[in-house]
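Its first residue numbered 3, the sequence shown is counted upward by one per residue in our numbering.
These notes are about the structure you will find just below.
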Amino acid sequence: TLAEGRMLAADLATIDLLNETGGFGDIGRLLVQGKAPMAALQMSVLTSDNATAYWQLAERHAFVLDLTHEVANPIGHGLAFTLTRAHSGLKALARVLERWVAHLLGVRVAITPLQKIADPAWRWHVGLDTESMTLLNDLYEERAVDDDRMQRLISLFRLEFTEPAEMRADVAGKPVYLGLATRADGTLRLKPQNLLLNLPLAAAM
């Protein structure tokens with residue numbers, strides 16, 4: 003969901019459960035059913051400061067991941083400064099995907115969050131969900147994309163192989179662009195397995 007200019011992602015099943023119980027289990031469910039006044043639900047944004055608590059808590063899904071981009075402001079002469087959002091989880095998500103690819107495919111990649119693709123030699127892309135895959139296909143084929151679909155794009159990423167020889171020869175050394183987008187109902191269905199199926203790996207891999 004978009005809250006105060008921040009794109010926040012939480013586990014849908016956890017949100018549904020908290021809405022049913024107010025965070026107080028079966029007693030909370032009875033209170034909600036009886037329309038008793040309940041305090042507003044609060045979930046912590048996962049950061050490096052509370053990461054230890056994440057591993058200690060039994061209900062690990064009761065955290066929110068901030069997927070808001072850092073903001074780069076140009077100041078002229080080719081210079082820019084970056085406003086870093088302290089709670090942004092995009093870089094952390096990129097690190098998780100890097101490790102996931104290394105573990106399951108045995109190849110090392112570097113993944114960097116992007117706000118746009120400015121590459122006239124764009125050759126390969128993979129959507130991390132169905133919505134972003136369709137969107138990237140349309141953009142690649144230069145088909146019109148309406149504003150509503152563009153607004154649902156959370157982030158783009160640039161994936162680069164550490165060893166270009168591990169890629170297909172026709173795209174070796176070129177970046178792979180990734181996308182992440184919500185569905186029309188605002189939910190996000192991340193499918194990292196798309197990387198396993200669609201990365202341009204050399205035939206021998």
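Backbone N, C-alpha and C define an ideal beta-carbon position, used for all residues, glycine too.
As the structure is a computational prediction, the values presented were derived from the model and not from experiment.
Express the C-alpha separation of residue 180 and residue 159 in angstroms, rounding to a whole number. 5 Å
Other residues of its chain near residue 167: CB distance less than 8 Å, five sequence neighbours each side excluded: 174, 204
Can you tell me whether residue 68 is buried or exposed, with buried defined as 16 or more other CB within 10 angstroms of its CB? buried
Rounded to whole angstroms, what's the CA-CA distance from residue 94 to residue 127? Just pull it up for me. 21 Å
Distance between residue 147 and residue 170 (C-alpha atoms, nearest Å): 30 Å
Please determine if the segment 189–204 and the segment 136–146 are in contact, where contact requires at least 3 C-beta pairs separated by less than 8 Å. no
In chain order, what residues of the same chain have a beta carbon less than 6 Å from the beta carbon of residue 164, not counting five sequence neighbours either side? 110
Could you name each continuous alpha helix (DSSP H) segment of 4 residues or more that falls completely within the segment 117–204, going from the start of the chain to the end? 132–142, 149–153, 195–200
Nearest-angstrom Cα separation, counted from residue 200 out to residue 172: 15 Å
Rounded to whole angstroms, what's the CA-CA distance from residue 130 to residue 198? Just pull it up for me. 11 Å
Does DSSP put residue 114 in a helix, in a strand, or in coil? strand
Going by the DSSP bridge assignment, what does residue 46 pair with across the sheet? 65
Could you tell me if residue 70 is buried or exposed, where buried requires 16 or more neighbouring beta carbons within 10 angstroms of its beta carbon? buried
If I measure Cβ to Cβ from residue 57 and keep anything under 8 Å in the same chain, skipping five residues before and after, which residues do I get? none
Enclosing alpha helix (DSSP H) for residue 105 [first to last residue]: 92–107
Across which residues does DSSP place residue 10 in a beta bridge pair? 68
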